[in-house]
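Start counting the sequence shown at 100; every next residue gets the next number (this note's numbering).
For each residue, glycine too, the CB sits at the ideal point set by N, CA and C.
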Amino acid sequence: MISINNGKWIRVRIIRQSVIEIILPYALIACLSMLSYDLANVYYYESHRMTTDYNHIFNQHWTIYQKILQHDYMGHQAVFGLLEGSLVTHFPDQSLDLLDIGCGDAQTLAAFLQTSALQSYTGIDLSKEALELVPKNVGSLNCAMTLMNDDFVAAIEQLTQEQVGQFDVIFSGFALHHVQDETKAKLFANIKQLLKPHGRFYLIDVYQQENETRETYLDRYLAPTLTHWHALDEHETALLNTHVRSSDFPSTRTKLESMAFDVGFANCECLLADPIHSNILLSMGK
Numbered sequence: 100m101i102s103i104n105n106g107k108w109i110r111v112r113i114i115r116q117s118v119i120e121i122i123l124p125y126a127l128i129a130c131l132s133m134l135s136y137d138l139a140n141v142y143y144y145e146s147h148r149m150t151t152d153y154n155h156i157f158n159q160h161w162t163i164y165q166k167i168l169q170h171d172y173m174g175h176q177a178v179f180g181l182l183e184g185s186l187v188t189h190f191p192d193q194s195l196d197l198l199d200i201g202c203g204d205a206q207t208l209a210a211f212l213q214t215s216a217l218q219s220y221t222g223i224d225l226s227k228e229a230l231e232l233v234p235k236n237v238g239s240l241n242c243a244m245t246l247m248n249d250d251f252v253a254a255i256e257q258l259t260q261e262q263v264g265q266f267d268v269i270f271s272g273f274a275l276h277h278v279q280d281e282t283k284a285k286l287f288a289n290i291k292q293l294l295k296p297h298g299r300f301y302l303i304d305v306y307q308q309e310n311e312t313r314e315t316y317l318d319r320y321l322a323p324t325l326t327h328w329h330a331l332d333e334h335e336t337a338l339l340n341t342h343v344r345s346s347d348f349p350s351t352r353t354k355l356e357s358m359a360f361d362v363g364f365a366n367c368e369c370l371l372a373d374p375i376h377s378n379i380l381l382s383m384g385k
């Protein structure tokens, strides 16, 4: 849990198998904000095993991800704008318990979190450095905050075992495509269990066209990084391409919708299918 005392201290409760509490000066948290960003929000989890030293990757890719955000190469502005609009429509003035899967440093959801009535915020990420930046990015939310330092597959399983029906909103942004379809389906089932009766699961991710193989998708998706992502230098472009080719396992829209209905979601609404950036936004109701 994170609590703020007189605006000077922040208590960060980071969970990884056991509970660890550290108390840091608020000023120090602010100074950490320029260290790095969690590429996990975009290209981070290494399929199902996740055994790489992600704290090293976190530092290595900070500059790359900031450039991607600054130039909107991945179409974040459009897809996150639609997400926030749907959240406001479905949950007007409601005090929410929100779970953020692959939250990184919560930069992409910060505006919504700061302007919403939250009962609790739970973020899951494999990067400890990213989680330590969450307080600076979201500010004082005046709600219970729990940050789980673990891979999201294990963390979701743990939460399911602890208590079902915990959350009004569960969100995952650019994370689930790093696991295979079989694991995605299991995650969908566990996520549904974690939702309250009228809760919703929002998924933002890259997606594969119906007639594409994985290799065809990767060639198409990465082509603009070689020709139009001019803010990245040659080394950064090569690093990004290597990572995506080894770690991305996107599903088609049909497959994702089928997974949702197979595990019992009552509805699955596609709010965006962007073929240019290969972004999809699905809203699933319990």
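Val278 and Leu317 do not touch by the CB rule: their CB atoms are close to 16 angstroms apart, not below 8 angstroms. Take the alpha-carbon of Leu371 and the one of Ile269: they are about 18 angstroms apart. The Cβ neighbour count for Pro234, taken over all protein chains shown within 10 Å, is at least 16; the residue is labelled buried. If you look at Val362, you'll find it isn't in any alpha helix (DSSP H); DSSP assigns it neither H nor E. Between the alpha carbons of Met247 and Ala229 lies a gap of roughly 11 angstroms.
Separation of Val237 and Ala205 (C-alpha to C-alpha, rounded to the nearest whole angstrom) is 7 angstroms. Within the same chain, Cβ atoms closer than 6 angstroms to the Cβ of Glu368 are found at Ser382, the five residues on either side in sequence being excluded. Selection Lys295, Glu311, Ala284 evaluated against Ser357 yields Ala284 as nearest (Cα-Cα).
Cβ-Cβ distances below 8 angstroms link Ala216 to Asp192, Gln193, Ser194, Leu195 in the same chain, with the five nearest sequence neighbours on each side left out; the list follows chain order. With a threshold of 16 other beta carbon atoms within 10 Å, Ala274 meets it and is buried.
Using a 10 angstroms sphere on the CB of His175, the tally of other CB atoms reaches 16 or more, which defines it as buried.
For Gln292, the three-state secondary structure derived from DSSP is helix. Apart from sequence neighbours up to five positions away, the residues of its chain that approach Phe287 with a beta-carbon distance below 7 angstroms are Met358, Ala359, Val362, ordered along the chain. Between Thr259 and Gln292 the beta-carbon gap is near 5 angstroms, inside 8 angstroms, which marks them as a contact. Cβ atoms of Tyr301 and Leu182 come within 8 angstroms of each other, at about 6 angstroms. Here Ser350 carries a strand assignment [DSSP, helix/strand/coil]. Counting along the chain, no alpha helix (DSSP H) covers Asp204, and no H or E run does either.
If you look at Thr245, you'll find it in the beta strand (DSSP E) that goes 243-248.
A check of alpha carbon separations from Gly222 across Ile200, Leu339, Phe179, Ala210 identifies Ile200 as the nearest. Ranked by Cα distance from Asn310, the options His334, Arg299, Pro374 are led by Pro374.
DSSP places Thr312 outside any beta strand (DSSP E), giving it a letter other than H or E.
Counting of Cβ neighbours within 10 angstroms places Asn366 among the exposed residues, the total staying below 16. For His297, the closest C-alpha among the options Leu321, Tyr306, Leu325, Phe266 is that of Phe266. Boundaries of the beta strand (DSSP E) around Ala372: 366-373.
DSSP places His376 in the coil class of the three-state scheme, outside both helix and strand. The straight-line gap separating the alpha-carbon atoms of Lys166 and Leu331 is approximately 7 angstroms. Nearest in C-alpha terms to His170, of all of His327, Gly203, Gln307, is His327.
Using a 10 angstroms sphere on the CB of Glu261, the tally of other CB atoms stays under 16, which defines it as exposed. According to DSSP, Arg344 shares a beta bridge with no other residue.
If you look at Val268, you'll find it isn't in any alpha helix (DSSP H); it sits in the beta strand (DSSP E) that goes 266-272.
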